[in-house]
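Working notes for the structure below.
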Amino acid sequence: MTTDELTTASFEAIREEIDYVLNTRRIRVTKTLLENLEHESDEEYTLEDIKRYVELGNDADISPLINFILTADDVDGDAIKPKTDTEPESEARRQWVLEKLGLTDIADSINARIPVKEQPTVIDTDFVDWYKGDRRTANANYWPIYEEVLKGKGWNADSISAVSRQATEVIRRLDDPLGPMAGGKRGLVVGHVQSGKTANFTAVMAKAIDAGYRF
0 MTTDELTTAS FEAIREEIDY VLNTRRIRVT KTLLENLEHE SDEEYTLEDI KRYVELGNDA
60 DISPLINFIL TADDVDGDAI KPKTDTEPES EARRQWVLEK LGLTDIADSI NARIPVKEQP
120 TVIDTDFVDW YKGDRRTANA NYWPIYEEVL KGKGWNADSI SAVSRQATEV IRRLDDPLGP
180 MAGGKRGLVV GHVQSGKTAN FTAVMAKAID AGYRF
């Protein structure tokens, strides 16, 4: 596809194709983005096409790519294929993900579209961290579905990633539902009107069910 064609055409087609080849249910970076697109798409995309897609597309257009990168940034290294020793949410992890996707040369364009994350404020630091690695991804069913719901409502990738991180921090502090000490938990969600409370506890429920909790 030529640069002019990509500039004048809607980004909807490439958005759908990237959404198809980059699956956040199973984080795999065994092929570059262009290799995946070449295998699945009738179009012949170049790295320059991807760069212009990132730079000119709106938040909804580029959300599949950005959301995949943010998810790959956040998960444990052994939950990615291939596995990585880089720390989650580190600069080294971001560089590794972009390298595996074949996007290192357009890293500046991609990073410019990813706002700086505001980390959740966490008080409870004394817990057994069972919710990591394959336990986060092995039975991912409800969370990916809810993720698609949020996308359909127009949420951008950074907002979805923030909800995901917040829910993960809650789940990590619950007892392992498959462990010997599993028990009931109570919680309270407080916030202003339209501040994201429903999205927050819905994400917690979705991830909790995926992890083995019953509702």
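Per numbering that gives the first Met the number 0: the sequence shown ends with 214, consecutive numbering throughout. Note that the Cβ used here is the ideal one computed from N, Cα and C, for glycine as well.
As assigned by DSSP and simplified to three states, the class of residue i
| i | result |
| --- | --- |
| R27 | strand |
| K80 | strand |
| A111 | helix |
| R150 | Note that residue 150 is Lys in the sequence shown, not Arg. DSSP places K150 in helix when its eight states are reduced to three. |
| K99 | helix |
| K196 | helix |
| W142 | helix |
| E43 | coil |
| R213 | coil |
| T128 | The identity of residue 128 in the sequence shown is Asp, whereas the question assumes Thr. In this structure, D128 counts as coil in the three-state DSSP scheme. |
| E90 | helix |
| D175 | coil |
| M204 | helix |
| T2 | Residue placement at T2 cannot be trusted, given a pLDDT of 49 that sits under 50; what the coordinates show is reported in the next sentence. Reduced to three states, the DSSP call for T2 is helix. |
Alpha-carbon to alpha-carbon, residue j and residue i
| i | j | result |
| --- | --- | --- |
| K206 | I144 | 11 angstroms |
| D209 | A156 | 21 angstroms |
| S40 | F126 | 46 angstroms |
| L100 | K30 | 7 angstroms |
| A91 | K131 | 19 angstroms |
| N199 | A59 | 21 angstroms |
| L46 | S89 | 25 angstroms |
| Q165 | D133 | 19 angstroms |
| K82 | E34 | 20 angstroms |
| T201 | G153 | 17 angstroms |
| R93 | L69 | 9 angstroms |
| T85 | E11 | 33 angstroms |
| G56 | I109 | 11 angstroms |
| K196 | V96 | 31 angstroms |
| T2 | K150 | Any reading at T2 must be qualified, since the residue scores a pLDDT of 49, below 50, and its modelled position is unreliable; the value itself is stated next. If you take the alpha carbons of T2 and K150, they lie about 27 angstroms apart. |
| P179 | G186 | 21 angstroms |
| G190 | Y19 | 35 angstroms |
| E42 | I159 | 29 angstroms |
Whether residue i touches residue j by CB criterion (8 angstroms)
| i | j | result |
| --- | --- | --- |
| I13 | I65 | no |
| P87 | D73 | yes |
| V169 | V203 | yes |
| L21 | F67 | yes |
| W129 | D175 | yes |
| I105 | I61 | no |
| L36 | E16 | yes |
| D123 | R172 | yes |
Test: residue i CB closer than 8 angstroms to a CB of chain C
| i | result |
| --- | --- |
| F67 | Absent from the structure: chain C. Only one protein chain is present. |
Start and end residues, alpha helix (DSSP H) containing residue i
| i | result |
| --- | --- |
| A166 | A156 to R171 |
| I17 | E11 to V20 |
| F67 | D58 to D73 |
| D38 | Here residue 38 is His; the residue named in the question, Asp, does not match the sequence. It spans L32 to E39 - the alpha helix (DSSP H) in which H38 sits, taken as one unbroken run. |
| K50 | L46 to L55 |
| D133 | D133 to T136 |
Candidates the options: closest to residue i by CA position
| i | options | result |
| --- | --- | --- |
| D107 | N138, E54 and D58 | E54 |
| A78 | F214, P176, Q165 and V28 | V28 |
| A71 | G190, K196 and I26 | I26 |
| T23 | G190, Q94, N138 and E43 | N138 |
| T136 | D75, Y52, V192 and T83 | D75 |
| G213 | L177, G186 and L187 | Note that residue 213 is Arg in the sequence shown, not Gly. For the residues L177, G186 and L187, the minimum Cα distance to R213 belongs to L177. |
| N140 | S160, G211 and L32 | G211 |
| E98 | V188, L32, V192 and Y19 | L32 |
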